[in-house]
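Data first, discussion second: the structure below is written as structure tokens.
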Amino acid sequence: FIGGLPAYLNDEQVKELLTSFGQLKAFNLVKDAATGLSKGYAFCEYADVVMTDQAIAGLNGMQLGEKKLIVQRASIGAKNPGLGQVPVTIQVPGLTVVGTAGPPTEVLCLLNMVTPDELKDEEEYEDILEDIREECNKYGVVRSLEIPRPIEGIDVPGCGKVFIEFNT
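For reference, each letter of the sequence shown is one residue, going 1 to 168 in full-length UniProt numbering.
Quick look at the structure:
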């Protein structure tokens, strides 16, 4: 279950975000039947079950526009204490998730910061790392900073994204 999606995102944009963690077996962005616009939540299933927990860890609490994503395993009538005991029911028209997305995250994923071409040049890559680290240090102590780089002939997951881990 992926909640808190900005309504302006379309199927392809949400899929792009989700497939950065692995290939999808199933995907459904729930839309208003009358308008065809996203209701702000979706369901997906990864081809490799192991990717589910990685996607939850990487995406839950992520700031996306004005909203924070709520990503968790979906099950009928399930309750997640991290959501303030808000029940999550699958495929209910008009479902809105209220409450907190859980504790603040120590890992931040930034999108649209760099292009794969910028990451190919070693000097430019080092400059980008330095600039991002300097900027992020204004908000806390940076424990680690990862920017997956393109490798010729290989599809590198997360290429072009920036992952920052803070101490607190």
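Positions of the beta carbon are idealized from the N, C-alpha and C atoms, including for glycine.
Under a 10 Å Cβ-count criterion, TYR8 is classified as exposed, with fewer than 16 other Cβ atoms of the shown protein chains found around its own Cβ. Taking all protein chains in view, the Cβ of GLN72 is crowded by 16 or more other Cβ atoms within 10 Å, so the residue is classified as buried.
Assigned with DSSP and collapsed to three states, LYS138 falls in coil, not helix or strand. SER38 counts as buried, since at least 16 other C-beta atoms from the protein chains shown sit within 10 angstroms of its C-beta.
Annotation for ALA42: the continuous beta strand (DSSP E) segment containing it runs 38-46. Bridge partners of ILE164 according to DSSP: LEU108 and LEU145. According to the DSSP assignment, VAL50 belongs to no beta strand (DSSP E) but to the alpha helix (DSSP H) extending over 50-59. A direct Cα-Cα distance of roughly 31 Å separates ALA26 from ASP117. In the structure shown, the three-state DSSP call for GLN13 is helix. Boundaries of the beta strand (DSSP E) harbouring LEU24: 24-31, taken from the DSSP string. Going by DSSP, ASP117 is part of the alpha helix (DSSP H) stretching over 116-120. When the Cα atoms are used, PRO150 and ILE164 turn out to be separated by approximately 18 Å. Under the three-state reduction of DSSP, LEU129 is assigned to helix. Spatial neighbours of GLY22 in its own chain (CB-CB distance under 6 Å, excluding positions within 5 residues in sequence) are listed in chain order as TYR46, ASP48 and MET51.
The DSSP-derived three-state label of LEU64 is strand. Residue nearest to CYS44 within the set ALA34, THR35 and ILE56 is ILE56 (criterion: CA-CA distance).
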